[in-house]
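Keeping their order, the protein sequence lines are chains A and B.
To convert, note that position 14 of the first sequence is 14 in my numbering; the numbers rise steadily by one, no gaps.
To get my numbering, take the position in the second sequence, counting from 1, and add 1000.
Backbone N, C-alpha and C fix where the C-beta goes; we use that ideal spot for every residue, glycine too.
Remember, it's a predicted structure, so these values are computed and weren't measured experimentally.
Worksheet: one structure, shown below.
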Amino acid sequence: MSGDSSNPPLRPADFHILLALAEAPCHGYGLMKKVEEESAGEVRLELGSLYRLLGRMLDEGLIAEAPKDVDPRRRYYQITVLGSRVLKANAYRLASLMNLIRTRGLLPGGEI
Amino acid sequence: MRKLVAILLNLFPASFRGRFGTDMLSAFDDLWQERPGVSSAARTVSNLVASAAIEQFHFPGRKRGDTPMVVLWNDIRFALRLMIVRPGFAAIVALTLAVGIGASTAIFSVVDAVLLRPLPFRDADRLVRVVDNAPGAGLHDTGMSVPEYWDLRDRSGVFDEISVTWPVDANLTGGDRPERIELLAVSPNYFHMLGAKPALGRVIGSEDTAQGFAEAVVISDGLWQRLFGRDPNVLGRKVLADSDAYYVVGVMPPGFRHPGRTVATDVEIWCTAGFAADPFPNPPVRASNALPGAIGRLKQGMTLKEAQARLDSFTAELRRQYPHDYRPGAKWSVELEPLQESLVGRSRPLLLILLGAVVLMLLTACVNVANLLLTRGADRQREVAIRRALGASQSRILSQLFTESILLGVTGGLLGILGAVATLKSVLAIAPAGIPRLNEVTIDARVLGFALLASVVTGVLFGLVPALDAAGVRMFTTLRSRNQNRVGGWLVTSEIAICMVLMMGAGLLSRSFWKVAESDPGFNPARVLVARFWLAQPNNPRADPYAKPADRTVLLREILRRVRELPGVEEAAVTTSAPLTNPGFNVPITVEGNTSPGGEGLRASMVSASPDYFSALGTPLLDGRFLAESDQSGSQEVVIVDRAAARKFFPGEASPIGRRFLIGRTGDRWVTVVGMVGDIRHDGLDLDGVPHIYPSIYQRSGKAFGVVIRTSSNPAALSEILAKTVGSVDNQVPVFGVRPMSALMAKSMAERRFSAYLVACLAGFSLLLAGMGIYGILSFSVGRRTREIGVRMALGAHRSEVILMILRQGLQMILAGLAFGVLGAMAFSRLLGRLLFGIGPWDPAVFAVVPLTFLVVALAASYLPALRATRIDPASALRAE
């Protein structure tokens, strides 16, 4: 994973999905709830949209299906190595943005 | 709710369903358990539908972040660039499509205005025509009596409003000369019922209720222009119609047309009457059908079926109440016909056939363009291969190619719309007058929508085959190049087949037209001139100078005397209706001594005539004698019959001379047959077999007359002086409709000529396209077989062998197309129905000549590429590639 030129910023929904999965593998509805909580209600994924995004992220290799032993009734998804890297790269980008915001006095607090 | 979600899952593509189907259902279970409720359900359902739509049209392999709109815009830009690079190609395609879509749009605008759009009146779907029938006596559309009208209005419970409609010729006098005008007498609620508003002044309303005729009249925009020069002070002006005074109270807007029958032209004056005082019988009699027709509006919420059922029981009630007036044997009933149907129903077959023909032509254009794209597809192989290598999926390539073809289609469509707008006026100018509502034809939003739809569908249709081919979808064989040739061959074959169907249709219509034109009308129209005049019917019968037949005889004899003195007049006669002008008077016939059941329904068309009528027309006398001057009122009532009448009334008898019959069902005015003449096609050149009877005009006449003269030279030269002469006898009598018989005959064939001409044009264009298609595909094939031909020629093949080889390739396609085309024509030609005359739908002459003609054209189109093949230089051909 080289610099930002080949890694465009993630959309909010993708970012939150990766963020949620980075903590632990989730299943469909669990992911919906977690993303809604963690984004403070900004990203609300309905059923159809969620699985569309999951399908795309699976194709891109950012997430993968978790092994079936956890809960046989539901399918769980987990983040991949590639996904972790993309998430981290985006996290760095956000962090540097936050620094810029703080130095301009838009929010309290010093540099990170 | 779970079931609903499961059903909605079917909207997703199958691959998606396979991947996530069960998962989504179990996730939904979790969701529903925690958050049931209407809003949650609504959000889930709408999101599922939207996501399914996005998934269906989501092409894998495009850049992350590209919405469908961005993709579409890129495709369009790319397609435009291709068109600019090859302007000649794009121009041919666009022009071909422009003609096809333009013609379709023009014809659709006519079909839309005449057949589809509701009539421009208030609640037009509830408007009906009221038709009285007496099928037991063989009578249809007999009109109604005044008491019956009152019953329908007040007691039937079927109509919101109902108005009498009575079209009449009238004399407009008081100006510098008398004018014949078209008048319509209506009930006071006519304009209110139609929701019609005036352009000036007011319309007739309930304040104009009167026993007889009211004084208020409303005039048309046309009459306001013609007679009053659009004078804004026309309101309150006095006009004299049939010697009675009326006052103009309003002027209708230019687009307003009476939605029903008139005598000859559009209605120019509307007046109203109660029909219960002079000149009508007072009190009104139920047995006399004085009113020719009525229009009504059904009550709100009542369907036609319900209204008809209600009306049937009402008429049954009336039949019981008045058995003398409604005899049981006649089976009198009242029928309701939707007003729009009564107005346009007759034109429907013609218009639909024209629409079908133009769609066929558009299909030919589509196939031609598809072939063009296909041959050009060979050039794009490289481009497509590169794009595939870069990761474009098949669906991606397909969608780009479709965008291209749809863009071409829309471009052609826009050009076509422009063409249609520009030529619409001239198309309407040549359209036959018999088609109603032509004044409503415009190119409005709906027509534009049709044009746009046609462009897009056309684009998809002609883009289908080339796009599939370019994207690598194999259709007939696995070899790419052979595939192209095969597909192209089938395209041209189908183009030929469609073209054949069109050409056969054109051939059948043209042959029918010629058959009518050549058919014997029963008289000799050369150098015959016709004029018409009309004697006024003033409201007060005592003020009518021509109330008595004897007075009319004096007038007619004087007219004939003066006309005969004109230079160049060889023969002159007077009649109650000249051929191809107004129809004869339809009367029932009761033959003497004929009590057989067949005798019940005998009818004839009655035309009164003066003695020289038949010699002026050149109709032969077959038996007995012509009418004579001695046949006047007071002497024996005589009549001449034509051959059709003799056959029908006196079947099997050698001669009808001396036989007697009654005109009507009762009475004692027996007429004796004194002569028999040949059949005259009186009411239309394609109508024969109608029995006619010709009483002497001095014994029986009405108020409408025609003058027929045979001239020694050009009849048209005498038009003015004939009109003047007839009018000189009584200057209150207007003369109109002065025409040479040849013009009347042409007008009677106008519809046939129009349809034959239009379909022939469409077939001609189609033939051009088919020829181009054949030329194109054979040229392409020769281009690809250059090496092979070079080898053959190097090995000593003669030019003629090479030519034959190419021709044979073409012949395969052509013969297949001809075969399918003939089969198609056989299947569809029956649809021409009423438009055929004198020939069957599988007329052998047409079915032989048309394919032969096409074969000649096709061989000519094939010959050119074949010739090119022989010019191939073997040496360079072998060196190339």
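Of the listed residues the options, nearest to residue i (C-alpha basis)
i         : options                                       : result
B/Thr1619 : B/Asp1551, B/Val1708 and B/Ala1704            : B/Val1708
A/Pro9    : A/Lys68, A/Asn90 and A/Gly61                  : A/Asn90
B/Leu1555 : B/Ile1417, B/Ser1395 and B/Gly1702            : B/Gly1702
B/Asn1171 : B/Arg1739, B/Glu1179 and B/Gln1033            : B/Glu1179
B/Ala1616 : B/Gly1463, B/Leu1811 and B/Val1530            : B/Val1530
B/Arg1603 : B/Arg1557, B/Ile1663 and B/Ala1550            : B/Ile1663
B/Ala1185 : B/Val1822, B/Phe1213 and B/Thr1173            : B/Phe1213
B/Arg1348 : B/Leu1818, B/Asp1112, B/Leu1859 and B/Val1690 : B/Asp1112
B/Val1217 : B/Gln1211, B/Leu1235 and B/Pro1545            : B/Leu1235
B/Val1677 : B/Arg1700, B/Tyr1613 and B/Leu1767            : B/Tyr1613
Range covered by the alpha helix (DSSP H) that runs through residue i
i         : result
A/His16   : Pro12 to Glu23
B/Ile1657 : Per DSSP, B/Ile1657 belongs to no alpha helix (DSSP H) and is neither H nor E.
B/Val1856 : Pro1844 to Thr1870
A/Tyr51   : Leu47 to Glu60
B/Phe1626 : It is not in any alpha helix (DSSP H) - B/Phe1626 carries neither H nor E in the DSSP assignment.
A/Ala91   : Val81 to Thr103
B/Ala1006 : Arg1002 to Leu1009
B/Ile1559 : Pro1549 to Arg1564
C-beta neighbour in chain A for residue i, strict 8 angstroms
i         : result
B/Leu1048 : yes
B/Ser1051 : yes
B/Val1038 : no
B/Ala1027 : yes
B/Arg1396 : no
B/Arg1062 : Note that B/Arg1062 scores 47 on pLDDT, short of 50, meaning its location in the model is unreliable; the coordinates nonetheless yield the value given after this. Judged by the 8 angstroms Cβ criterion, B/Arg1062 is not in contact with chain A.
B/Arg1019 : yes
B/Phe1108 : no
B/Leu1031 : yes
B/Ile1054 : yes
B/Met1024 : yes
B/Arg1002 : no
B/Phe1016 : yes
Run of the beta strand (DSSP E) containing residue i, from where it starts to where it stops
i         : result
B/Pro1695 : His1692 to Pro1695
B/Ser1163 : Phe1159 to Thr1173
B/Leu1336 : Ser1333 to Pro1338
A/Leu63   : Looking at the sequence shown, residue 63 of chain A is not Leu but Ile. First-last of the beta strand (DSSP E) with A/Ile63: Ile63 to Glu65.
B/Phe1585 : Phe1585 to Val1591
B/Val1639 : Val1638 to Asp1642
B/Arg1739 : Val1735 to Pro1740
B/Phe1705 : Ala1704 to Thr1711
Rounded distance between the beta-carbons of residue j and residue i, thought under 8 angstroms
i         : j         : result
B/Val1641 : B/Ile1693 : 5 angstroms
B/Val1846 : B/Pro1715 : That pair is no contact at about 35 angstroms.
A/Tyr76   : A/Pro25   : 4 angstroms
B/Pro1198 : B/Gly1143 : About 29 angstroms; that fails the 8 angstroms criterion.
B/Ala1365 : B/Leu1769 : 6 angstroms
B/Asp1679 : B/Arg1625 : So it is not a contact: roughly 18 angstroms between Cβ atoms.
8 angstroms Cβ cutoff, residue i in contact with chain B
i        : result
A/Leu87  : no
A/Arg73  : yes
A/His190 : Nothing about residue 190 of chain A can be reported from this structure: the residues present for chain A run from 1 to 112 only.
A/Arg42  : The amino acid at residue 42 of chain A is misidentified as Arg; the sequence shows Glu. So, not an interface residue.
A/Gly61  : no
A/Gly83  : no
A/Met32  : yes
A/Ser49  : yes
A/Arg52  : yes
A/Gly55  : yes
is_contact[residue i, chain C] using C-beta, thresh 8 angstroms
i       : result
A/Glu46 : In the structure shown, chain C does not exist; the protein chains are A and B.
Q) With a cut-off of 8 angstroms, do at least 3 Cβ pairs link the region 1776-1790 of chain B to the region 1800-1813 of chain B? A) yes
Q. Is there contact between the region 1191-1205 of chain B and the region 1283-1290 of chain B, where contact requires at least three CB pairs shorter than 8 angstroms?
A. no
Q.
I want to know whether the region 1435-1446 of chain B touches the region 1405-1412 of chain B - three or more CB-CB distances under 8 angstroms.
A. no
Q: Would you check if there are 3 or more beta carbon pairs closer than 8 angstroms linking the region 1727-1743 of chain B to the region 1553-1571 of chain B?
A: yes
Q.
Quick check: the region 1326-1333 of chain B against the region 1074-1084 of chain B, are at least 3 beta-carbon pairs closer than 8 angstroms?
A. no
Q | Contact the region 1794-1802 of chain B vs the region 1384-1397 of chain B: 3+ CB pairs below 8 angstroms | A | no
Q. At a cut of 8 angstroms, does the region 1532-1550 of chain B reach the region 1859-1866 of chain B through at least three beta carbon pairs?
A. no
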